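Student: Quick note, the sequence shown lines up with residues 84 to 313 if you use my numbering. Idealized CB from N, CA, C, for every residue including glycine. Since we're looking at a predicted model, the values are computed, not measured.
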Amino acid sequence: MKKVNSLFDVIGPVMIGPSSSHTAGAAKLAKIAGAFAGGEIASVEFHLHGSFRETYRGHGTDRALLAGILGLDPHDTGLRTSFDLAEEKGLKYEFIPVDLGMVHPNTVCFVLVSKGGKTADVTGSSVGGGEVVITEVNGFEVKFSGNYNTLITRHRDVEGVVAEVAAILADNGVNIATLNLSRTHKGREASMIIETDACVSEQALEQIRNLPAMLSLLNIEPVKAGDIDV
């Protein structure tokens with residue numbers, strides 16, 4: 084059956100700026116990436132690839148990336164003054180043109196340091212219409228969109244962890260939309276990316292954190308470029 088594009092695919096989301104890929108998508112990418120810092124961000128490097136590298140100033144990608152890192156949504160009018168807001172917050176930042184190889188042309192790698200000293204490396208691409216894909220987190224290959232509530236685990240690679248997490252979610256009435264698993268080496272560390280149809284309660288999150296093999300758990304609420312109140 085022939086795929087029919089939605090109106091959203093054709094016109095993109097409501098946003099601030101000239102391009103859904105270069106502003107709405109960039110802000111969404113940055114907001115998702117910022118969650119991995121685990122607190123207020125002290126510094127960030129934006130490693131810009133492809134068309135991001137070539138046009139980030141003229142298309143407002145730089146403002147959008149800063150806005151997202153500062154926690155603003157893609158439609159927030161504060162995007163226009165994100166440089167001023169970054170200065171007020173004392174955020175250190177640098178835009179670095181790079182070649183990341185055979186990846187999507189609208190790709191950025193975020194190198195983050197929180198005020199508490201935690202570091203994170205996050206790579207993702209803006210794929211059009213305000214939609215994004217996160218492809219790598221701290222050396223783990225991943226794939227998620229930010230459109231769903233998303234759980235990211237880091238756990239010991241032992242038998243039964245996936246089943247335990249799935250059981251906790253089911254017991255709390257949460258349906259799994261997608262689940263992807265990756266690991267560094269067999270028997271060492273692994274990571275799950277779980278997209279759910281509903282937000283996960285603090286009680287369920289605490290149950291997952293308390294599993295013996297669990298090393299860390301991050302819960303990212305949906306970031307949708309088109310959500311706007313007018």
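Assign Lys175 to one of three DSSP states: helix, strand, or coil.
Tutor: If DSSP states are grouped into helix, strand and coil, Lys175 belongs with the strands.
Student: Counting Cβ pairs, one atom from each stretch, are 3 or more of them under 8 Å apart for the stretch 142-154 and the stretch 111-121?
Tutor: Short answer: they touch.
Student: Return helix, strand or coil for Phe166, following the three-state DSSP convention.
Tutor: Phe166: helix per DSSP, three-state reduction.
Student: In angstroms, rounded to a whole number, what distance separates the CA positions of Ala107 and Gly151?
Tutor: So the alpha carbons of these two residues sit roughly 9 Å apart.
Student: Helix, strand or coil for Asp156 per DSSP?
Tutor: Of the three classes helix, strand and coil, the one that applies to Asp156 here is coil, per DSSP.
Student: Between the C-alpha atoms of His158 and Gly117, what's the straight-line distance to the nearest angstrom?
Tutor: Computed Cα separation, rounded: 17 Å.
Student: Counting along the chain, where does the alpha helix (DSSP H) carrying Arg136 start and finish?
Tutor: 133-138 is the span of the alpha helix (DSSP H), which, as asked, contains Arg136.
Student: Whole angstroms are fine: how far does the CA of Leu264 sit from the CA of Ser209?
Tutor: In a straight line, the C-alpha of Ser209 is about 23 Å away from that of Leu264.
Student: Go ahead and pull the three-state DSSP assignment for Leu301.
Tutor: Looking at Leu301 - three-state DSSP - the assignment turns out to be strand.
Student: Can you list, in chain order, the residues of its chain with a C-beta nearer than 7 Å to that of Ile259? Leave out the 5 residues immediately preceding and following it.
Tutor: Taken in chain order, the residues that qualify are Ala249, Leu252, Ile277, Thr279.
Student: How about Thr236 and Val244: do their beta carbons lie closer than 9 Å?
Tutor: Cβ atoms of Thr236 and Val244: closer than 9 Å.
Student: State the DSSP-derived secondary structure class of Gly122, mapped to helix, strand or coil.
Tutor: Note: Gly122 maps to coil in three-state DSSP.
Student: Quickly, what does DSSP pair Met275 with across the bridge? List them, please.
Tutor: Leu264, per the DSSP bridge assignment.
Student: On the CB-based measure, 16 or more other CB atoms within 10 Å of its CB, does His268 come out buried or exposed?
Tutor: When all chains shown are included, His268 counts as exposed.
Student: What residue range is occupied by the uninterrupted alpha helix (DSSP H) comprising Leu288?
Tutor: Segment 285-292, the alpha helix (DSSP H) holding Leu288.
Student: Find out if the Cβ-Cβ distance for the pair Val181, Leu195 is shorter than 9 Å.
Tutor: It is not a contact, given that the beta carbons lie outside the stated cut-off.
Student: Helix, strand or coil: which one does DSSP assign to Lys111?
Tutor: Reduced to three states, the DSSP call for Lys111 is helix.
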